[in-house]
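Undergrad: One structure is given below, represented as structure tokens, and several questions about it will come after.
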Amino acid sequence: MRRILGGLAVFLGTLTCTQADMGERQRVDQLADTLEPRLIAWRRDIHQHPELGNREFRTAALVAEHLKRLGLDVKTGVGRTGVVAILRGGLPGPVVALRADMDALPVTEQSGLPFASQARANWMGEEVGVAHVCGHDGHTAILMGVAEVLTTMRAQLPGTVKFIFQPAEEGPPPGEDGGATLMIRDGALRDPVPAAIFGLHLNSRTPLGKAGVRAGPLMASGDTFSIVVKGSQTHAALPWLGVDPVVLASQVVLGIQTIQSRQVNVLQEPSVVTIATIHGGNRPNIIPDTVAMSGMIRALDEDMRRDIQRRVATTADAIARSAGGSAEVSISPNYDVTVNDARLAELGARSLRATLGSGQVFENPKVTVSEDFSAYQKVIPGFFFFLGVVPDGTPPEKVFPNHSPRFWIDERVLKIGVRSLANVTLDYLHETAAKLSPALQPASAR
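In our numbering, the protein residues as written are 4 to 449.
This is how it looks when you write it as structure tokens:
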């Protein structure tokens with residue numbers, strides 16, 4: 004009888020918790036509605052004043068001022084320009100981290116928006132335009148909003164939330180450290196240590212308000228490489244007196260393409276190898292000594308990633324040596340595969356369905372772009388999802404991909420992002436707190 008009564012109590016507690024959960028979601032919705040004008044204002048301000056990686060001084064100051072006004076414990080200068088803030092809830096529970104990236108790209112904006120960026124900066128020795136053409140301005144505004152929503156609900160919060168505003172997700176300037184790796188090195192995941200981390204990315208390939216989720220590998224690793232093909236300079240009219248690195252470099256480009264088409268198992272995981280730059284020579288009548296090229300490797304499996312790295316190096320070397328030249332290959336591993344924890348992905352999908360509607364959540368295909376959110380996932384379990392920004396009925400010619408100078412978002416996604424990320428966080432805290440210590444998490448707590 005005692006066992007039956009105990010089971011009944013758990014069942015009734017679950018029902019009560021579910022009913023309270025509906026009330027909590029309504030509160031999040033109300034707070035997000037109230038915040039919407041400020042979300043848009045924050046996003047437009049950040050959009051109009053973009054900053055490159057490791058140079059997000061103004062953005063970080065804006066974020067830190069907002070978090071301090073909320074009464075949070077705020078630390079600046081993490082990972083150069085990063086901001087970390089801690090919200091301690093009124094009830095015992097786990098620690099969870101939420102991350103947003105703040106950096107812009109060296110792109111001249113062509114959106115035509117009234118708040119379009121006019122900013123200029125120096126990048127790799129050249130003056131360039133600077134623009135938020137990947138949605139990071141939206142990510143920052145969304146997390147600022149989530150911080151305010153959860154702070155308003157602090158008394159009922161079972162646990163601690165760590166807000167991580169990260170610089171240089173797109174990569175730091177050459178010769179500098181930065182991004183998630185430096186944030187981790189500077190203690191972003193310490194004092195206190197989160198048990199999980201969540202993040203989102205605005206996506207121009209997805210309709211407005213739809214969320215793409217996936218357990219396991221979601222985004223590819225990202226490695227860059229450079230190849231210097233060396234020959235022997237001679238007159239262009241006398242090629243037999245030298246070794247032509249231009250011809251060798253051309254053969255290297257074609258040889259590397261066979262790695263995908265003939266050397267790796269295309270049924271296992273998708274992968275991409277791209278040669279993106281090639282430079283050599285300065286006169287039409289001189290065969291140069293060297294030709295330099297660079298490119299990138301994307302893979303969704305770590306073993307395949309290492310195998311492709313090896314094949315790029317051996318292919319370039321073998322082709323160059325076959326005609327008396329040589330090839331120097333340098334490979335720089337940048338981003339690891341973004342791998343969603345299965346349990347967190349299941350919880351996240353369930354939470355997003357409850358927030359957005361079951362028809363608004365779908366299994367996202369694997370993608371060959373990269374994200375340094377993967378660095379956090381190497382330390383603690385994480386869940387990363389996509390949120391669509393393209394309204395229904397938008398003509399295809401008006402849908403510009405992330406990183407396009409014409410990239411734009413429907414700003415209604417900001418409120419949707421706050422609702423989504425706040426509810427995923429709350430569901431994780433409540434469920435985890437209940438599992439850790441049911442006695443500390445009565446049904447009435449929510």
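Beta carbons are placed, not taken as given, at the ideal position from N, Cα and C, and that holds for glycine.
1. Per the DSSP calculation, E129 is bridged to which residue(s)?
2. Spatial neighbours of P336 within its chain, please: C-beta separation below 7 Å, excluding the five flanking residues on both sides.
3. Verify whether the separation of the beta carbon atoms of F201 and L101 is less than 8 Å.
4. With DSSP as the reference, label V276 as helix, strand or coil.
5. Which complete alpha helix (DSSP H) runs does the segment 352-419 hold, if anything under 4 residues is left out?
6. Check whether the segment 328-342 touches the segment 373-384, counting contact only when three or more Cβ pairs, one atom from each stretch, lie closer than 8 Å.
7. Return the CA-CA distance between D284 and L241, expressed in angstroms with no decimal places.
8. What residues are listed by DSSP as bridge partners for H238?
9. From I187 to P170, what does the alpha carbon distance come to, in whole angstroms?
10. What are the boundary residues of the alpha helix (DSSP H) that includes V226?
11. Measuring straight from C-alpha to C-alpha, what distance separates G351 and V216?
12. Got a sec? Which residues, its chain only, sit under 6 Å from V332 by beta carbon, not counting five neighbours each side?
13. Measuring only the C-alpha atoms, how far is Y431 from T62?
14. Looking only at its chain, what residues have a beta carbon closer than 7 Å to the beta carbon of F14, apart from the 5 residues adjacent to it on each side?
15. Can you tell me which of L221, M156, G138, E151 puts its alpha carbon nearest to the alpha carbon of N206?
16. What residues in its chain sit with their C-beta under 8 Å from that of P404, if we drop five residues either side in the sequence?
17. Tell me the residue span of the beta strand (DSSP E) that contains P210.
18. Look up D36 in the DSSP assignment and say whether it is helix, strand or coil.
19. Who does T341 pair with in a DSSP beta bridge?
20. Indicate whether L70 and V81 have their beta-carbon atoms separated by less than 8 Å.
21. Apart from the five residues on each side of it in sequence, which residues of its chain come closer than 7 Å, Cβ to Cβ, to T79?
22. Name the two residues that bound the continuous alpha helix (DSSP H) containing A323.
23. In the DSSP assignment, the alpha helix (DSSP H) including T111 goes from what residue to what residue?
24. Have a look at E434 and K213 and give me their C-alpha separation to the nearest angstrom.
25. List the DSSP bridge partners of V103.
26. Hey, out of T143, D76, V136, whose CA is closest to G92's CA?
27. Could you check where the beta strand (DSSP E) with A88 kicks off and where it finishes?
28. Secondary structure at K78, three-state DSSP: helix, strand or coil?
29. What three-state label does DSSP hand S297 in the structure shown?
30. Taking only the alpha-carbon atoms, compute the straight-line gap between G26 and Q33 and give it to the nearest angstrom.
31. Assuming G258 is part of the alpha helix (DSSP H), what are its boundary residues?
32. Where does D180 land, buried or exposed, given buried means 16+ other C-beta within 10 angstroms?
33. Taking C-alpha atoms, which residue in D413, R47, V421, L221 lies nearest to P368?
34. Report yes or no: do three or more beta-carbon pairs, one from the segment 40-56 and one from the segment 153-162, lie closer than 8 Å?
35. Quick one, are the C-beta atoms of I383 and A107 less than 8 Å apart?
TA: According to the structure data:
1. One-based indexing of the sequence shown puts residue 129 at position 126. Note: E129 sits in a beta bridge opposite W126.
2. Reading the sequence shown from its first residue, position 333 is the one you call residue 336. Closer than 7 Å at the Cβ level, and outside the excluded window around P336, lie D226.
3. One-based indexing of the sequence shown puts residue 201 at position 198. One-based indexing of the sequence shown puts residue 101 at position 98. In contact: F201 and L101 (Cβ atoms closer than 8 Å).
4. Residue mapping note: residue 276 aligns to position 273 of the sequence shown, counting from 1. The answer is strand: DSSP assigns V276 an E or B state.
5. 376-380
6. yes
7. Taking the first residue of the sequence shown as 1, we reach residue 284 at position 281. Taking the first residue of the sequence shown as 1, we reach residue 241 at position 238. Note that residue 284 corresponds to Gly in the displayed sequence, not to Asp. Rounded to the nearest angstrom, the two C-alpha atoms are 16 Å apart.
8. As a working note, residue 238 is residue 235 in the sequence shown. Answer is I289.
9. As a working mapping, residue 187 is identified with position 184 in the sequence shown. As a working mapping, residue 170 is identified with position 167 in the sequence shown. CA-CA distance, I187 to P170, rounds to 12 Å.
10. Sequence index remark: in the sequence shown, residue 226 carries index 223 (1-based). Correcting the residue type first, residue 226 is Asp in the shown sequence and not Val. No alpha helix (DSSP H) holds D226; the beta strand (DSSP E) holding it covers 224-233.
11. To locate residue 351, count along the sequence shown from 1; it is residue 348. To locate residue 216, count along the sequence shown from 1; it is residue 213. In a straight line, the C-alpha of G351 is about 8 Å away from that of V216.
12. For the purposes of this step, residue 332 is identified with residue 329 of the sequence shown, where counting begins at 1. Here the set comprises I230, A316, A319.
13. For the purposes of this step, residue 431 is identified with residue 428 of the sequence shown, where counting begins at 1. For the purposes of this step, residue 62 is identified with residue 59 of the sequence shown, where counting begins at 1. Answer to the nearest angstrom: the Cα atoms are 29 Å apart.
14. The residue labelled residue 14 in the question sits at position 11 within the sequence shown. With a pLDDT of 37 at F14, under the threshold of 50, the predicted position of this residue should be treated as unreliable, and no value is reported.
15. Taking the first residue of the sequence shown as 1, we reach residue 206 at position 203. That would be G138, whose Cα lies nearest to the Cα of N206.
16. In the sequence shown, residue 404 corresponds to position 401, counting from 1. Contacts found: S207, R208, F410.
17. Taking the sequence shown and counting its residues from 1, one reaches residue 210 at position 207. From DSSP, the beta strand (DSSP E) with P210 extends over 199-210.
18. The residue you call residue 36 lines up with position 33 of the sequence shown. It is helical.
19. Within the sequence shown, the letter at position 338 stands for residue 341. Per DSSP, M222.
20. Here residue 70 refers to the residue found at position 67 when the sequence shown is read from its first residue. Here residue 81 refers to the residue found at position 78 when the sequence shown is read from its first residue. Not closer than 8 Å, so no.
21. Mapped onto the sequence shown, residue 79 falls at position 76. For T79, where only same-chain residues beyond five positions count, the Cβ hits under 7 Å are A63, A67, V86.
22. What you label residue 323 is simply residue 320 of the sequence shown in a count that begins at 1. It spans 305-325 - the alpha helix (DSSP H) in which A323 sits, taken as one unbroken run.
23. As a first step, residue 111 must be located in the sequence shown, where it is residue number 108. Careful: T111 lies outside any alpha helix (DSSP H) and carries neither H nor E.
24. Here the question's residue 434 lines up with position 431 in the sequence shown. Here the question's residue 213 lines up with position 210 in the sequence shown. Those two C-alpha atoms are separated by around 24 Å.
25. The residue labelled residue 103 in the question sits at position 100 within the sequence shown. For clarity, residue 103 is Ala in the given sequence; the question names Val instead. F168.
26. Against the sequence shown, residue 92 aligns to sequence position 89. Among T143, D76, V136, the Cα nearest to that of G92 is on D76.
27. For this step, residue 88 is matched to residue 85 along the sequence shown. A88 -> beta strand (DSSP E) spans 85-91.
28. In the sequence shown, residue 78 corresponds to position 75, counting from 1. Correct three-state label for K78: strand.
29. The residue given as residue 297 occupies position 294 in the sequence shown. Of the three classes helix, strand and coil, the one that applies to S297 here is strand, per DSSP.
30. Here residue 26 is taken as the residue at index 23 of the sequence shown, counted from 1. Here residue 33 is taken as the residue at index 30 of the sequence shown, counted from 1. Near 11 Å, if we compare the C-alpha coordinates of Q33 and G26.
31. What you label residue 258 is simply residue 255 of the sequence shown in a count that begins at 1. First-last of the alpha helix (DSSP H) with G258: 248-261.
32. Along the sequence shown, one-based indexing puts residue 180 at 177. Flag for D180 reads exposed.
33. Your numbering for residue 368 matches position 365 in the sequence shown. Closest in alpha carbon position to P368, among D413, R47, V421, L221, is L221.
34. no
35. Within the sequence shown, the letter at position 380 stands for residue 383. Within the sequence shown, the letter at position 104 stands for residue 107. Contact: no.
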